[in-house]
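Notes follow the structure.
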Amino acid sequence: MATSFTQLSKIRCLSLAGLALLSACAGGYQAPISEQSERQVLTAPIIVDSSTPDSSFRLENSGPARVSSSTGDGSSRTASAASSSQRSVTESRPAQSTAAASTPRIHRVQPGDTLFSIAFQYDLDFRSLAIANGLSPPYTIFVDREINLDLNNIVANGAGVSTSNLGTAVANNSVARARAGSSPSGSVLRQPVSRTPLAVSWQWPHSGRVIRGFRSGVSKGLDISGSVGDPVLAAGDGDVVYSGRGIQGTGDLIIIRHSDRYLSAYAHNSRMLVNEGARVRAGEKIAEVGENSSGVPMLHFEIREAGDSVDPSRLLPAK
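If you count the sequence shown from 1, you need to add 6 to reach this note's numbering.
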């Protein structure tokens, strides 16, 4: 009897304990923090739109993916995990290897320009410049015309004509007629005869002292001292092919053509006494000495051979 009573008491205690547990669950009881499971919060993925082919961008969040764990006491723990989808990404359009088109150098003709002044300005042979632009004597050019300065394409463009006689005039047609009479039937030989000699008898354009000599790439001619108003003389027989001030750094400039190969130039004149087209003789007064841009009285004198600057002292007689 005593045993039965003891068993009934145990059963009753268990029942009461079960009821108490159910009551606690229904009342919103929370287990201790140490027994709670963690709630994971995963950062939303970043979507990269690369639909624009030439776009270049970098993700703002360049670090690895981060997983946050929130706990019941309001604190959080963060774990880092490598994620290829959220690494720093740079997308760029492949560079196109397009060679820059080579544009020939061009000079647009200004009022006062001549073929000779343009050739002088760019250190070119006027005969080659004429060929490159389809010009023939007397080399008439017009304002705003574009002059091609790229002489490297003369042969490539089919203009590979010998320049030995270019720029000369037929001074005496009797030579052509005589040759034509003895030539085979149906053919005519034309021999251009230059009005200017191949060799030039040079003389000094001024009697002053040379204060600066020729130096390749630095000084293209001679600086000769003088006084403003001193006479400037033609260094040889020839034709005036330019008389003006359209070339920067030269002031009032005169250019004389002595032959198909040689030109001479006289810069920084205070007065110019000859016009384009005039025929001058060696020693003839063509201008008066002026000042350079620094205010120094002087004559700057150059000789060009086939477009190249040469040392005038090699051609002028010894003083």
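Quick reminder that beta carbons are idealized off the backbone N, C-alpha and C, glycines included. Predicted model, so just to flag it, every value in this text is computed and none were measured.
Check, Outcome
"Residues bridged to TYR272 (per DSSP)", "ILE260, PHE307"
"According to DSSP, residues forming a beta bridge with LEU228", "PHE307"
"For TYR248: DSSP bridge partner residues", "ILE261"
"Same chain, Cβ closer than 8 Å to SER225, five either side skipped, listed in chain order", "ARG218, GLY219"
"DSSP-derived helix/strand/coil call for ASN158", "helix"
"Closest by C-alpha distance to ASP266, when choosing among ARG221, ALA136, ILE112", "ALA136"
"Cβ-Cβ distance between HIS264 and ALA241 below 9 Å", "yes"
"According to DSSP, residues forming a beta bridge with GLY296", "MET304"
"Distance, ARG277 Cα to ILE232 Cα", "The residue asked about is misnamed: residue 232 is Gly in this sequence, not Ile. The alpha-carbon atoms of GLY232 and ARG277 are separated by roughly 14 Å."
"Chain-order list of residues whose beta-carbon lies under 7 Å from that of PRO100 (same chain, five-residue window excluded)", "Annotation note: pLDDT 42 at PRO100 (below 50); position unreliable, no value reported."
"Where the alpha helix (DSSP H) containing ILE124 begins and where it ends", "121-127"
"Burial state of ASN281, where buried means 16 or more other Cβ atoms lie within 10 Å", "exposed"
"PRO144 classed as buried or exposed, judged by whether at least 16 other C-beta atoms fall within 10 angstroms", "exposed"
"N- and C-terminal bounds of the beta strand (DSSP E) containing ARG218", "216-218"
"Spatial neighbours of ARG287 in its chain, beta-carbon cut-off 7 Å, leaving aside the 5 residues before and after", "ALA240, ASP243"
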